[in-house]
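Following the numbering used here, the numbering of the sequence shown begins with 91 at its first residue and continues without gaps.
Comments concern the structure below.
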Amino acid sequence: MSPLYYVGLQPELSTMDTAIDSDRILSAVTDGYDVLSVPITNPHFRSRVSRILQSVSDPAIVPHIAPPIYPEVNFVPNSTYAQHVLGMCAKWIELDSTDPQIAGVSSQILKHELSYASFCGLSYVIVPGPTRRNNVASYAESLNTVLAAVPYINIIVHLAMAEAGVEDTSGSEVPEPVDAMSIWDIWNSVRTICDYSSRLSVGLQLPAKLPPQTVVSRWFAEPITVLFISANIFLSNPKGYPVLSKAHQFLLFKYMKIKPYTILQDVREATQMRTSSKLPSKQDERAYLIYIRHLHTILPSPTAVEKFGRGYQDYLQNPLQPLTDNLESGTYEVFEKDPVKYAQYEKALFCALSERGSNPNAEPVIVAVVGAGRGPLVACALRASEMAKVPIFAYAVEKNPNAYTYLLQRKELQWQSNVEIVFTDMRSWNPTHKVDIIVSELLGSFGDNELSPECLDGVQCVLKSNGIMIPQSYSSHFIPAMSPKIFSSLKSQNKEDIMNTPYVVMLQAVDLLAMEIKQAWEFRHPCPYLGANSQWPASHRIEAQHERYDGLQKVDPTATVRRDTPIDIGNNEHNNRHVKARFSIESRGVMHGFVGYFESVLYGDVELSTRPDTINKKSKDLVSWFPIWFPISTPLYVPDDAEIEISIWRKTDNRKVWYEWSVETFVLVPGPGPGSDNRDSIASASLARGATSSTKRVRLGCSKLHNPGGKYSSMLL
Ligand SMILES: C[S@@+](CC[C@H](N)C(=O)[O-])C[C@H]1O[C@@H](n2cnc3c(N)ncnc32)[C@H](O)[C@@H]1O
Numbered sequence: 091m092s093p094l095y096y097v098g099l100q101p102e103l104s105t106m107d108t109a110i111d112s113d114r115i116l117s118a119v120t121d122g123y124d125v126l127s128v129p130i131t132n133p134h135f136r137s138r139v140s141r142i143l144q145s146v147s148d149p150a151i152v153p154h155i156a157p158p159i160y161p162e163v164n165f166v167p168n169s170t171y172a173q174h175v176l177g178m179c180a181k182w183i184e185l186d187s188t189d190p191q192i193a194g195v196s197s198q199i200l201k202h203e204l205s206y207a208s209f210c211g212l213s214y215v216i217v218p219g220p221t222r223r224n225n226v227a228s229y230a231e232s233l234n235t236v237l238a239a240v241p242y243i244n245i246i247v248h249l250a251m252a253e254a255g256v257e258d259t260s261g262s263e264v265p266e267p268v269d270a271m272s273i274w275d276i277w278n279s280v281r282t283i284c285d286y287s288s289r290l291s292v293g294l295q296l297p298a299k300l301p302p303q304t305v306v307s308r309w310f311a312e313p314i315t316v317l318f319i320s321a322n323i324f325l326s327n328p329k330g331y332p333v334l335s336k337a338h339q340f341l342l343f344k345y346m347k348i349k350p351y352t353i354l355q356d357v358r359e360a361t362q363m364r365t366s367s368k369l370p371s372k373q374d375e376r377a378y379l380i381y382i383r384h385l386h387t388i389l390p391s392p393t394a395v396e397k398f399g400r401g402y403q404d405y406l407q408n409p410l411q412p413l414t415d416n417l418e419s420g421t422y423e424v425f426e427k428d429p430v431k432y433a434q435y436e437k438a439l440f441c442a443l444s445e446r447g448s449n450p451n452a453e454p455v456i457v458a459v460v461g462a463g464r465g466p467l468v469a470c471a472l473r474a475s476e477m478a479k480v481p482i483f484a485y486a487v488e489k490n491p492n493a494y495t496y497l498l499q500r501k502e503l504q505w506q507s508n509v510e511i512v513f514t515d516m517r518s519w520n521p522t523h524k525v526d527i528i529v530s531e532l533l534g535s536f537g538d539n540e541l542s543p544e545c546l547d548g549v550q551c552v553l554k555s556n557g558i559m560i561p562q563s564y565s566s567h568f569i570p571a572m573s574p575k576i577f578s579s580l581k582s583q584n585k586e587d588i589m590n591t592p593y594v595v596m597l598q599a600v601d602l603l604a605m606e607i608k609q610a611w612e613f614r615h616p617c618p619y620l621g622a623n624s625q626w627p628a629s630h631r632i633e634a635q636h637e638r639y640d641g642l643q644k645v646d647p648t649a650t651v652r653r654d655t656p657i658d659i660g661n662n663e664h665n666n667r668h669v670k671a672r673f674s675i676e677s678r679g680v681m682h683g684f685v686g687y688f689e690s691v692l693y694g695d696v697e698l699s700t701r702p703d704t705i706n707k708k709s710k711d712l713v714s715w716f717p718i719w720f721p722i723s724t725p726l727y728v729p730d731d732a733e734i735e736i737s738i739w740r741k742t743d744n745r746k747v748w749y750e751w752s753v754e755t756f757v758l759v760p761g762p763g764p765g766s767d768n769r770d771s772i773a774s775a776s777l778a779r780g781a782t783s784s785t786k787r788v789r790l791g792c793s794k795l796h797n798p799g800g801k802y803s804s805m806l807l
């Protein structure tokens, strides 16, 4: 049985000059480790390479290095243990050497080692990261070449989490910033040069002193296959057992969600120090492994959203189109599993009904649930009516014929006479009576993206003049974000429409680049721009059918609501929107897209929110909606102290609704501010962030306009 969480060992091999035999690997596995990271070649090979290099007198000549042979390699093919081995490339190669001879020999060695590891059936090889800042391109070029030459192996680049060991030898007068984010910067260049290869990932070395949270979250968004933890960074608890600091524990709790291999290093050395014993027992050495396994068992329990989205993390789905498509019963069933959504709707209905007063002799309040699905909101309305002691008559309006059948059955079994089921598109519904409350749940991950505004406009004419609509309003919100994982998964599909389409996605490997999520726009209901009798034109109607089965029907076909002036579909312009929002970026990063959320006021102070900063306050544990992801086709690098401006349009024509979006980036630098010829004056925004009037905003880059004219993605009316 495969373990829930893989823990490995990097054995101390400094004195080893013979091949590792399969027994040694298997005994580590039986000691409780899942994997062993093993150097592919050993000092025999290194000696041969040194001898060859010494024999070449001309430094311009790159000598040929023949592949390693037995006993220069540490293992032989063995299908029993191949899955338990992560190969390690020689630490002494320098792919980024400025000496062409060293760089050339290093590239050959890398290729030989990967090819041998691949022959032995290994899936992963760990390659030491670059050692210089000024030659990252050469380093990446070597990796790229070998990725093409050895097609089935995955390369893990071993990097420190934060600055350590990478010298600035660029010799430039203006050195690169060496700070907590600079190793990430190097990695970003490497994977960009390697064109976001899906076979390239990171092996992250955890430092004894952790970097700031921004760096921890940044790496979390990267493809991390291995976490290296030296036993030397463990502390001792009062009983003398090794434990990690609280900060390291929290980091591991976070990173364990993406299930990297955790490889323990320096275990023997640290155990000797801890036990003051020259020959510590295996049991003493196992204390580190036991501790990591223990941490995994005490992982904080997942949030409701994490539980609900398990298996869907970073999985891109096309948004539902419940207006054009008829949903399956299983899809409704998933909606209905969200207790918070319906509790909020019930509360909203309770408040709205209570405000109408509890007079049992009064005429029932007419409630229309439009887009009723399998009826959960009808049930909410009936419960709210009972609680508020305000009698209601409910219409359940649905255009999905299969859901309609389900509703009919539910009426017969549960609701009986105070509910009427109507099979129609709500935009052409002619009820016998105007209604007091219209309830709907037509919201998408970006609020209006399932055409709630258009559908509700079409049914608004059936509302009494003092009637109300639940929700009363909803707004869309957004923030720029980095997700190499989402970008590379879209890129690998290599189709033009892919980068011009928004996706619904349960985000995990994502780093939000700005501090603040901003509102894009809002829709209110009833819509103030429509006349009381407005309706969609006849071509958009499907005939209303009130309860198809004889005996259940009680409709007076003459008593329909009169509609005098149907609105022209061309007048949907009031549902167009445009916003340009400016986001301040403190720490540099790469923008791959932006994330969209929504908030909705159901009634009064009863709200829904999917925004991570307001969800707990407004609708804790709401799980029905994952965020929406708007991709950009070319990643945009933003430096420290930058600004990102996102422009997004909601557009409509007489057949469809769609979004278009584009992005511009700027950097704030010291220099003459407003008053100079700098047209992009930043006085207001940058002063708000503490910048001075002598800050200048320099334009860096911009994206193309995505999805122009709704050419690649749209929602059909
Ligand atoms: C997101 S589902 C919500 C269903 C249900 N209220 C619930 O909470 O489970 C939206 C429902 O509205 C229906 N719908 C969408 N547009 C409609 C329209 N114009 N007229 C009638 N029903 C519509 C869909 O078929 C779907 O059943």
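We put the CB at the ideal spot given by N, CA and C, even for glycine.
If you scan the stretch 571 to 614 from start to end, which runs of the beta strand (DSSP E) of 3 or more residues do you find wholly inside it? 608 to 614
Provide the residue span of the alpha helix (DSSP H) that contains residue 338, from first to last. 336 to 346
Identity of the residue in 287, 292 and 283 nearest residue 273 by Cα: 292
Consider the C-beta atom of residue 516 and the heavy atoms of ligand 1; say whether any pair is separated by less than 7 Å. yes
For ligand 1, is there any heavy atom lying closer than 7 Å to the beta carbon of residue 489? yes
Runs of alpha helix (DSSP H) lying entirely within the stretch 349 to 383, each at least 4 residues, in chain order: 357 to 365
If you count every other CB in all the chains shown that lies within 10 Å of the CB of residue 294, and 16 or more means buried, which is it? buried
Could you spell out where the alpha helix (DSSP H) holding residue 289 opens and where it closes? No alpha helix (DSSP H) holds residue 289; DSSP gives it neither H nor E.
Can you tell me which of the three DSSP states residue 693 falls into? strand
Sequence-distant residues of the same chain with beta carbon closer than 6 Å to residue 370, five excluded per side: 361 and 362
What whole-angstrom Cβ distance do residue 716 and residue 535 have, given they're in contact under 8 Å? 6 Å
I need the straight-line Cα distance from residue 730 to residue 239, nearest angstrom please. 37 Å
Is the closest heavy atom of ligand 1 to the C-beta of residue 247 under 7 Å? no
Alpha-carbon spacing of residue 582 relative to residue 333, whole angstroms: 42 Å
With a Cβ-Cβ cutoff of 8 Å, do residue 706 and residue 749 count as a contact? no
Using a threshold of 7 Å, is the CB atom of residue 614 nearer than that to any non-hydrogen atom of ligand 1? no
Should the stretch 455 to 465 be called in touch with the stretch 520 to 530, which here means at least 3 C-beta pairs below 8 Å? yes
Quick check: the Cα distance between residue 128 and residue 164, rounded to an integer number of angstroms? 8 Å
Hey, out of 544, 600 and 486, whose CA is closest to residue 304's CA? 600
I need the DSSP call for residue 523, collapsed to helix, strand or coil. coil
Relative to ligand 1, is the shortest distance from any of its heavy atoms to the C-beta of residue 617 smaller than 7 Å? no
What residue range is occupied by the uninterrupted beta strand (DSSP E) comprising residue 462? Note, residue 462: premise wrong, no beta strand (DSSP E); not H, not E.
State the start and end residues of the unbroken beta strand (DSSP E) segment that holds residue 305. Looking at the DSSP string, residue 305 is not in any beta strand (DSSP E); the run it does join, the alpha helix (DSSP H), is 303 to 310.
Kindly examine ligand 1 and report whether one of its heavy atoms sits closer than 7 Å to the Cβ of residue 712. no
Cβ distance (whole Å) where residue 223 is taken to contact residue 276 below 8 Å: 7 Å
Just to confirm, does residue 545 get its C-beta within under 7 Å of one of the non-hydrogen atoms of ligand 1? yes
I need the DSSP call for residue 202, collapsed to helix, strand or coil. helix
C-beta atoms of residue 538 and residue 803 nearer than 8 Å: no
For residue 416, is the beta carbon positioned less than 7 Å from some heavy atom of ligand 1? yes
Which word fits residue 712, buried or exposed, when buried means at least 16 other C-beta atoms lie within 10 angstroms of its C-beta? buried
Proximity of residue 721 and residue 596 at Cβ, strictly below 8 Å: no
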